[in-house]
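Here is the structure we will look at.
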Amino acid sequence: MDFGQITPIYTNDIEENFKQKGTEILLQVEKEFEGSGIETSLQLIRGESVGSTIIEMCNSGEFDLLVLGKHLKTRWEKFLMGSTSGHITHSVKCPVLLVNEKATF
Numbered sequence: 200m201d202f203g204q205i206t207p208i209y210t211n212d213i214e215e216n217f218k219q220k221g222t223e224i225l226l227q228v229e230k231e232f233e234g235s236g237i238e239t240s241l242q243l244i245r246g247e248s249v250g251s252t253i254i255e256m257c258n259s260g261e262f263d264l265l266v267l268g269k270h271l272k273t274r275w276e277k278f279l280m281g282s283t284s285g286h287i288t289h290s291v292k293c294p295v296l297l298v299n300e301k302a303t304f
């Protein structure tokens with residue numbers, strides 16, 4: 200049986216695409232704060248676990264505020280999987296501002 204040629208997936212290309220998209224998003228956010236008088240520090244970070252990586256980074260530096268997006272979940276999903284934002288909020292030293300995914304500004 201011939202399945203034809205299978206195209207390999209290049210993880211470096213996938214990672215580079217994620218990095219490029221993340222950088223584009225950070226540049227958009229940076230433009231939003233431009234001229235506001237608010238000092239910002241935006242960083243694109245990579246790690247095995249989102250929660251653990253954010254916690255480690257926040258607790259190893261001096262930050263005035265962590266702004267974190269929050270996804271709405273059903274009670275059942277929260278019970279089964281927990282809440283990443285909740286875990287982060289209770290584990291970092293700096294204040295946390297949770298922004299609901301449906302928030303508008």
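Numbering (my numbering), first residue to last: 200 to 304. Beta carbons are placed, not taken as given, at the ideal position from N, Cα and C, and that holds for glycine.
- Determine the DSSP secondary structure at V291, reduced to helix, strand or coil. For this step, residue 291 is matched to residue 92 along the sequence shown. DSSP places V291 in coil when its eight states are reduced to three.
- Task: Could you have a look at L226 and say whether DSSP puts it in helix, strand or coil?
- Result: Mapped onto the sequence shown, residue 226 falls at position 27. In this structure, L226 counts as helix in the three-state DSSP scheme.
- Query: Does DSSP put G268 in a helix, in a strand, or in coil?
  - Reply: Mapped onto the sequence shown, residue 268 falls at position 69. Reduced to three states, the DSSP call for G268 is strand.
- Considering G250, what are the terminal residues of the alpha helix (DSSP H) in which it resides? Mapped onto the sequence shown, residue 250 falls at position 51. Per DSSP, G250 belongs to the alpha helix (DSSP H) from V249 to S259.
- Task: Select from D263, H270, W275 and Q227 the residue whose C-alpha is nearest the C-alpha of V298.
- Result: For this step, residue 298 is matched to residue 99 along the sequence shown. For V298, the nearest C-alpha among the options comes from H270.
- From T239, V249 and H286, pick the residue whose C-alpha is nearest to that of L226; which is it? Locating residue 226 in the sequence shown gives position 27, counting from the first residue. Checking every option, the nearest Cα to that of L226 belongs to T239.
- Decide if V249 is buried, meaning its Cβ has at least 16 other Cβ atoms within 10 Å, or exposed. The sequence position of residue 249 within the sequence shown is 50, counting from 1. Exposed: under 16 other Cβ atoms inside 10 Å.
- Message: Considering Cα atoms alone, identify which of S290, T283 and G260 is closest to Q242.
- Response: Along the sequence shown, read from residue 1 onward, the residue named residue 242 stands at position 43. Answer by Cα proximity: G260.
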